[in-house]
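Colleague: The structure follows.
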Amino acid sequence: MREFTSCEHLAIILEAITTASTELSQQIRGAGLHNHILGQEGRVNVQGEVQQKLDVLADRTFIQTFLGCGIVCGIASEENDEFVAFDNEVSRNGDFVVMFDPLDGSSNIDVNVSIGTIFSVYRRVSAKGSLPTLKDMLQPGTEQVMAGYVLYGSSTMLVFSVGKGVHGFTLNPATGQFCLSHHAMQMPENGRFYAMNEGNILECEEGLVRYIKYCQSRENQTGMPYSGRYIGSLVADFHRNLIKGGIYIYPVVSSAPEGRLRLLYECNPLAFIAEQAGGLATTGRQRILDVIPTHLHQRVPYFVGSKHMVEKAMAFLD
Ligand code: AHG
Ligand code: MN
Ligand code: MN
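Put into structure tokens, the structure is as follows:
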């Protein structure tokens, strides 16, 4: 039998993602009607966060689908303390690992606000035929071969890139198919939206406080205060900025001294999408995709969005 091409491999992984997310989307659409969807699961994950039922359901759904697709040898996700190696003969010969946030925006599940799934795919660096290792998971974002997200918003949308631009597909609920609706997406170089949890403003470094004041002033390029928008689901805030232009910031704060967002399954995949769409993603001081990961659930400060806005924000920092 001939070997699959890289393109066919990525199509298989994408198929797994659309299968799992279609199932999840159906569950989410009826969330208020089903006891097993809303509310807390009762366990605390490695991040110290109380898991929601939907966090766990989403995690299981994606793991099962990646396990079944045959070319993924292991995964790491927000909901598992350690990475999961798929220990069967077919998966051990798989070429890829997937990092994912099964459900982003957990605090919005119970209140019917947009949530999402974020994913990042790497080619393994360990030998085929063996179990994957931590090294496979701790690759810099520049090595991503595919990344994207599914947004369960007013419609369900898949946005992804294999390093040749960004494309968006909308789920047709009548047929269960994702249809190309946003071809070659480009993030505007400037925008008039800023997104940050301003409840933290008194804890932010001085340069960032000055940047937020600049956003609220008439000194910016629009001559008007920017509009503040903060959904509290990174994936939804990011998607708005991708389409309309804007900046999202989650800085270092005292309750999150390294930042809150996770490098491997939140920041890197969206940084890949941002760059592919002409935007930027940095820690405020360094390109996100260049950060060398040291541990699975590593957190980083995050500035992502329209190119000129991220550059401007960075210019305010020391
Ligand atoms: P998750 O639900 O996967 O834990 O991620 C939540 C993240 C992100 O989606 C959101 O932008 C941010 O945490 C919200 O944090 P605050 O409540 O501190 O603003
Ligand atoms: Mn998240
Ligand atoms: Mn999550």
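The working numbering puts the first residue of the sequence shown at 1157, with every later residue one more than the last. Even for Gly, the Cβ is constructed at its ideal location relative to N, Cα and C.
If I follow the unbroken beta strand (DSSP E) through His1338, where does it start and stop?
Modeller: Element bounds for His1338: 1333-1338.
Colleague: Pick out whichever of Leu1314, Glu1359, Arg1374, Arg1455 has its Cα sitting closest to the Cα of Ser1337.
Modeller: Minimum Cα distance to Ser1337 is reached at Leu1314.
Colleague: Can you find the residues in the same chain that come closer than 6 angstroms, C-beta to C-beta, to Phe1316, ignoring five residues on each side of it along the sequence?
Modeller: These residues qualify, in order along the chain: Gly1304.
Colleague: Residue range of the alpha helix (DSSP H) that Pro1425 falls in?
Modeller: From DSSP, the alpha helix (DSSP H) with Pro1425 extends over 1424-1432.
Colleague: Please report the straight-line C-alpha distance between Ser1263 and Glu1235, rounded to a whole angstrom.
Modeller: One C-alpha to the other measures close to 15 angstroms.
Colleague: Based on the DSSP output, what are the partners of Val1206 in its beta bridges?
Modeller: Val1206 pairs with Val1200.
Colleague: Just to confirm, does Leu1259 get its C-beta within under 7 angstroms of one of the non-hydrogen atoms of ligand 3?
Modeller: The answer is yes for Leu1259.
Colleague: Would you say the beta carbon of Leu1213 is closer than 7 angstroms to some non-hydrogen atom of ligand 1?
Modeller: Incorrect: Leu1213 has no Cβ contact closer than 7 angstroms to ligand 1.
Colleague: Count the other C-beta atoms from every protein chain shown that fall within 10 angstroms of the C-beta of Leu1189, then say buried if there are 16 or more, exposed otherwise.
Modeller: Flag for Leu1189 reads exposed.
Colleague: From Pro1457 to Arg1199, what does the alpha carbon distance come to, in whole angstroms?
Modeller: So the alpha carbons of these two residues sit roughly 26 angstroms apart.
Colleague: At what residues does the alpha helix (DSSP H) containing Arg1396 begin and finish?
Modeller: Looking at the DSSP string, the run of the alpha helix (DSSP H) that includes Arg1396 is 1390-1400.
Colleague: Using C-beta distances below 7 angstroms, list every residue in its chain close to Gln1342, excluding the 5 sequence neighbours before and after it, in chain order.
Modeller: Correct list, in chain order: Ala1433, Gly1434.
Colleague: Cutting at 8 angstroms between CB atoms, please list the residues of its own chain near Asn1353, excluding the five before and the five after it.
Modeller: Here the set comprises Tyr1386, Gly1388, Tyr1406.
Colleague: From this set, Leu1294, Phe1428, Tyr1404, Ile1357, which residue's C-alpha is nearest Gln1454's C-alpha?
Modeller: Here the closest residue by C-alpha is Leu1294.
Colleague: Cα separation between Ser1410 and Phe1160?
Modeller: When rounded, the distance between both Cα atoms is 48 angstroms.
Colleague: Which residues mark the beginning and the end of the beta strand (DSSP E) in which Cys1229 is found?
Modeller: Looking at the DSSP string, the run of the beta strand (DSSP E) that includes Cys1229 is 1228-1233.
Colleague: Using the C-alpha atoms, what's the distance from Gly1402 back to Met1465?
Modeller: Each residue's alpha carbon lies about 7 angstroms from the other.
Colleague: Measure the alpha-carbon distance for Gly1272 versus Ala1340 and round it to whole angstroms.
Modeller: Approximately 21 angstroms between the Cα atoms of the pair.
Colleague: Quick one: Cα of Arg1280 to Cα of Pro1288, how far?
Modeller: Straight-line Cα distance between these residues: approximately 7 angstroms.
Colleague: Is it the case that the CB of Glu1234 approaches a heavy atom of ligand 3 more closely than 7 angstroms?
Modeller: Flag set: Cβ of Glu1234 near ligand 3.
Colleague: Could you pull out every residue in the same chain whose Cβ sits closer than 6 angstroms to the Cβ of Leu1412, ignoring the five residues on either side in sequence?
Modeller: What sits at residue 1412 in the sequence shown is Ala, not Leu. Result list for Ala1412: empty, nothing under 6 angstroms.
Colleague: Check whether the Cβ atoms of Gly1230 and Phe1218 lie closer than 8 angstroms to each other.
Modeller: Not closer than 8 angstroms, so no.
Colleague: Under 8 angstroms Cβ to Cβ from Phe1252, same chain only, skipping five residues before and after it: list those, please.
Modeller: Result list for Phe1252: His1165, Ile1169, Ile1227, Val1228, Cys1229, Val1277, Tyr1278, Arg1279, Arg1280, Val1301, in chain order.
Colleague: Asp1257 and Tyr1421 look like a contact to me (Cβ under 8 angstroms); what is the Cβ gap, rounded to whole Å?
Modeller: Yes, they are in contact, since the Cβ atoms of Asp1257 and Tyr1421 sit about 4 angstroms apart, within 8 angstroms.
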